[in-house]
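Structure, as structure tokens:
Chains as they are written, first to last, in the numbering used here: chain C, 227 to 636; chain Z, 193 to 524.
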């Protein structure tokens, strides 16, 4: 039978392109405190709506409300604020360093600081993290030295990765921070494997993985959720929905008619959708998921709704594909501004204190940069010897690599 | 050979509780070729278990377990099914030590049956070793008999780098020499079929000189070792047959010593020819033995076609074609 209409391909388009007014009417923002907080032993099927709503704690006036309020003490809140501000200051300086030719490349996480920072603070420091390139906040919140991070960004003589990896592809076993993968999503099922190993060894450590909404389209995402579900692996599977995969809006990744959290439901995994710019909500859902994992209840999928406020990387120009002022219209605001507002609502924080802290963290980054630059930058000659290029391909160097090293003159 | 492989895993699981075995059908059932039979019963379901049909997922979780500190031994049911896992193998397992400057490693062994001769058509017969030999950071091993299979598999499991362990499935039940119209002698009647019970190793990167000879060197591995031996016996050429056993890092000294002595070289593998591992061997021989060569190097390989189901024996480089190659090398 012949169709009466000709077939048409649907190619998703975002609500607004350059030159148009930003439009986030499609983002449904429920009132803070309106979503229930189930017991961790809940059956995934009983909380299906949690995958479509938005768990929020901070309301518009900066008050923490509702059952997900983690009731963090003042010291923890201030530590979180400081780590987020330090992350932003670090990003700003490293972005500039790229423009100054001190590194080849950089990727900021501006606007997404609550994700790395609050989650690092909700996890135990012994838990293993498998991040993407936009969770530098994890390292910073875990207190990893900025100088060491910068040494990697500058590929200098103190770069522990010996100039082998592109800038920002940090690796720190000591910080429980897995080597960043340029092949997106490959680390996501690896986080599940790590968690399975922890369960096999009857350990008490859990794993957490992060993936962008764009890379959920990779098969590795499916494998991660399948294996996590089958083996009830103690792992938290975080999807950072920052609206963009370089230039492609989240509709291209399959977010037009459903949420990314809802992906988890088909695997029988409890799935939560959370306001990713709400430090308290992010902390609370991460704690809930970590408690489940630690109680042998298995994996939780979390979609963290956020907005990539800066360029994808130093090689990107967002004005080519989205309205220039879109970030300021993002309905969930800025994570630092919102936590600041909360502290001020609690009457434990002031604009003066905030400004002082901003200067303090910027000075800390500046001092670290000064030290890191003394070990060299991309533009100087202070790199590891080319002879090291042949190390670590194998544990022991085989004959053919030894010969090739000699060919190079070492 | 199946029992030898099973014994290698059994020995290692008993010695080292970080060794875990998993893959499609390998747990309760013991694998479609029975190589993991009894391991789940003996070591429990959290050390020998079934996985979903997801080769990339198997490799990815193995890498994660390796990062944790386990020593996973995974089975890919047929080498023909390994391609979905190549991103995990090439982009991560092989590169992890390098990209983390030694902080994180993936000491994984990937066992997978390869080669044809069982009427498996193009999806159960391939020999994809050259895909892996091209990847820096991987080691590629392929045994030709039960004694070596066990010793090499133990070495592979103990190795701290990822190892692709290809098992020529046509050798599981005996030293198949390419005469498909004749009954295969069982391994019980072959000297290399005798396998000690306990722990022993065959070092990686050491070839085996399976037949000393003076006139021509045959470089081969896997099933083709037995095919080459049959061709040599039937052709009356005094060939030196070398079973490489490990392809990367290859045992260059044994190759050079032999070809320098004989001055002639025939390379035999079942895999397709173009960019096959034979091309690398040919280049190595040329680079290292050029002034000793008395004839062009000859390659006897599978044709550059998919493995055809009903025409299997026209595809397979059997003893007649190997003998032809030997003649060519002797005349050249």
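Yeah, the Cβ is synthetic: ideal placement off N, Cα and C, and Gly gets one too.
The structure presented is a predicted model; accordingly, all values stated were derived computationally and were not measured.
Buried versus exposed, by CB contacts within 10 Å (16 or more), residue i
| i | result |
| --- | --- |
| residue 220 of chain Z | exposed |
| residue 299 of chain Z | buried |
| residue 377 of chain C | buried |
| residue 485 of chain C | buried |
| residue 599 of chain C | buried |
| residue 625 of chain C | exposed |
| residue 265 of chain C | exposed |
| residue 252 of chain C | exposed |
| residue 407 of chain C | buried |
| residue 336 of chain C | buried |
| residue 334 of chain C | buried |
| residue 568 of chain C | buried |
Simplified DSSP assignment, three categories, for residue i
| i | result |
| --- | --- |
| residue 266 of chain Z | strand |
| residue 462 of chain Z | strand |
| residue 625 of chain C | helix |
| residue 431 of chain C | coil |
| residue 593 of chain C | helix |
| residue 481 of chain Z | helix |
| residue 241 of chain C | coil |
| residue 616 of chain C | helix |
| residue 290 of chain C | strand |
| residue 530 of chain C | strand |
| residue 553 of chain C | helix |
| residue 577 of chain C | helix |
| residue 497 of chain C | strand |
| residue 366 of chain C | helix |
| residue 242 of chain Z | strand |
| residue 331 of chain Z | strand |
| residue 305 of chain Z | strand |
| residue 424 of chain Z | helix |
| residue 403 of chain Z | strand |
Start-to-end residues for the alpha helix (DSSP H) that takes in residue i
| i | result |
| --- | --- |
| residue 182 of chain Z | The shown model of chain Z, from 193 to 524, leaves out residue 182 of chain Z, and the question about it has no answer. |
| residue 207 of chain Z | 194 to 207 |
| residue 354 of chain C | That residue, residue 354 of chain C, is in no alpha helix (DSSP H); its beta strand (DSSP E) goes 354 to 356. |
| residue 322 of chain C | 300 to 325 |
| residue 447 of chain C | 445 to 456 |
| residue 562 of chain C | 561 to 571 |
| residue 415 of chain C | 413 to 426 |
| residue 438 of chain Z | Residue 438 of chain Z -> not in any alpha helix (DSSP H); beta strand (DSSP E) instead, spanning 438 to 440. |
| residue 378 of chain C | 372 to 380 |
| residue 276 of chain Z | It is not in any alpha helix (DSSP H) - residue 276 of chain Z carries neither H nor E in the DSSP assignment. |
| residue 321 of chain Z | 321 to 325 |
First through last residue of the beta strand (DSSP E) which encompasses residue i
| i | result |
| --- | --- |
| residue 340 of chain C | No beta strand (DSSP E) holds residue 340 of chain C; the alpha helix (DSSP H) holding it covers 339 to 348. |
| residue 435 of chain Z | 431 to 435 |
| residue 468 of chain C | Unbroken run through residue 468 of chain C: none, as it is neither H nor E. |
| residue 453 of chain Z | First-last for residue 453 of chain Z: 444 to 454, but that is the alpha helix (DSSP H), not the beta strand (DSSP E). |
| residue 359 of chain Z | 355 to 360 |
| residue 215 of chain Z | 211 to 215 |
| residue 494 of chain Z | 490 to 494 |
| residue 409 of chain Z | 408 to 412 |
If contact means a Cβ-Cβ distance below 7 Å, which residues of the stretch 291 to 309 of chain Z contact chain C?
The stretch 291 to 309 of chain Z vs chain C, Cβ under 7 Å: 291, 292, 293, 294, 295 and 296.
Touching or not, the stretch 226 to 234 of chain Z and the stretch 248 to 264 of chain Z, by the rule of three or more beta carbon pairs under 8 Å?
no
Residues of the stretch 440 to 474 of chain Z with Cβ closer than 7 Å to any Cβ of chain C, in chain order:
441 and 444
Would you check if the stretch 309 to 325 of chain C and the stretch 278 to 287 of chain C touch, i.e. whether three or more CB-CB distances between them fall below 8 Å?
no
Counting Cβ pairs, one atom from each stretch, are 3 or more of them under 8 Å apart for the stretch 290 to 309 of chain C and the stretch 521 to 538 of chain C?
no
Quick test of the definition: if touching needs 3 or more C-beta pairs under 8 Å, does the stretch 419 to 437 of chain C touch the stretch 336 to 354 of chain C?
yes
May I ask you to list, following chain order, the residues of the stretch 367 to 398 of chain C that have a beta carbon less than 7 Å from some beta carbon of chain Z?
386, 387, 388, 390, 391 and 397
Inter-stretch contact at 8 Å, needing at least 3 Cβ pairs: the stretch 303 to 314 of chain Z / the stretch 344 to 362 of chain Z
yes
State whether the stretch 389 to 400 of chain C contacts the stretch 357 to 371 of chain C, with contact taken as three or more CB pairs (one from each stretch) at a distance under 8 Å.
Below 8 Å, enough C-beta pairs join the stretch 389 to 400 of chain C and the stretch 357 to 371 of chain C to call them touching: three or more.
Does the stretch 392 to 406 of chain Z come close enough to the stretch 367 to 376 of chain Z to have 3 or more Cβ pairs within less than 8 Å?
no
Taking any Cβ of chain C, which residues in the stretch 227 to 257 of chain Z have a Cβ under 9 Å from it, in chain order?
238, 239, 241, 243, 244, 246, 248, 249, 250, 251, 252, 253, 254, 255, 256 and 257
Where the stretch 319 to 352 of chain Z meets chain C: residues whose CB sits under 7 Å from a CB there
Residues of the stretch 319 to 352 of chain Z with a C-beta atom less than 7 Å from some C-beta of chain C are 328, 329 and 352, listed in chain order.
Output, in sequence order along the chain, the residues in the stretch 356 to 384 of chain Z whose CB is closer than 9 Å to any CB in chain C.
none
Listed from N- to C-terminal order along the chain, which residues in the stretch 444 to 477 of chain C have their beta-carbon within a distance smaller than 7 Å of any beta-carbon of chain Z?
445, 446, 449, 452, 453 and 456
Using a Cβ-Cβ cut-off of less than 7 Å, list which residues of the stretch 264 to 293 of chain Z approach chain C; keep chain order.
279, 280, 283, 284, 288, 289, 290, 291, 292 and 293
Residues within the stretch 344 to 357 of chain C neighbouring chain Z, beta-carbon criterion of under 7 Å
none
Residues of the stretch 582 to 611 of chain C in Cβ contact with chain Z at a cutoff of 8 Å, in chain order, please.
none
Report yes or no: do the stretch 502 to 513 of chain C and the stretch 334 to 353 of chain C share at least 3 C-beta pairs separated by less than 8 Å?
As far as the Cβ criterion goes, the stretch 502 to 513 of chain C touches the stretch 334 to 353 of chain C, which means the pair count is three or higher.
Evaluate contact between the stretch 476 to 493 of chain Z and the stretch 424 to 436 of chain Z, counting only Cβ atoms and requiring at least three cross-stretch pairs below 8 Å.
no
Segment contact flag, the stretch 542 to 552 of chain C with the stretch 465 to 475 of chain C, C-beta cutoff 8 Å, min 3 pairs
yes
Along the stretch 420 to 439 of chain C, what residues have a CB closer than 8 Å to any CB found in chain Z?
Residues of the stretch 420 to 439 of chain C that bring their beta carbon within less than 8 Å of a beta carbon in chain Z comprise 420, 421, 422, 423, 424, 425, 426, 427 and 433, in sequence order.
Using a Cβ cut-off of 9 Å, which residues of the stretch 314 to 328 of chain C contact any Cβ in chain Z, in chain order?
none
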